[in-house]
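Everything below concerns the one structure shown next.
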């Protein structure tokens, strides 16, 4: 099995672009009058027509039961810095069995959910759960990420033979990234550049 070689870190211009995009996405959420980039509905006067929460608003979506659309909004809430709402959405979607939400939450936990410490064991647990979910769209992605956790020993014991098995399953189910790893040893699942030589 090829060793996990790391790609070189992104260039300064790529980092500058990513930072400017991230700041642009989080800036609207900093205002007290905004709800994840939208006007907040703090007015409690029921006779005021501007008080209504539109069924197209993010605030409304966050209150709805789990569905693919609602689960996708969890990702948006995370990107605009509303970690609490993001976690609530992902947790209800995970409870309903949505594999995509398991992957998204796992990635958040891996990075340190909302600025907290990373929880690699919980991340690996969610990736495994998504990997065995049978979801035809997210299953291969979860398998590839779980294989990466095994390959690197992130939240689970390092097991390169088991990692290869998961990479092969992911590739067989259509994961181009897993297929590329099996052919080249390069993989973008981990972005830890500290071990580059």
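Residue numbers (the numbering used here): 7 to 203. Cβ atoms here follow ideal geometry from the backbone N, Cα and C, with glycine treated the same way.
Item, Value
"Unbroken alpha helix (DSSP H) run spanning residue 185, endpoints", "182–190"
"Inter-residue Cα distance where the pair is residue 145 and residue 123", "27 Å"
"Cβ shell of residue 161 (< 6 Å), same chain only, five flanking positions each side left out", "126, 127, 129, 130 and 155"
"Cα-Cα separation, residue 63 to residue 81", "15 Å"
"Every unbroken alpha helix (DSSP H) inside the stretch 136–172 [4 residues or more]", "145–158"
"Under the three-state DSSP convention, the category residue 86 falls into", "coil"
"Range of the contiguous alpha helix (DSSP H) that encloses residue 66", "64–68"
"Contact check, residue 133 vs residue 109, beta carbons under 9 Å", "yes"
"DSSP-derived helix/strand/coil call for residue 134", "helix"
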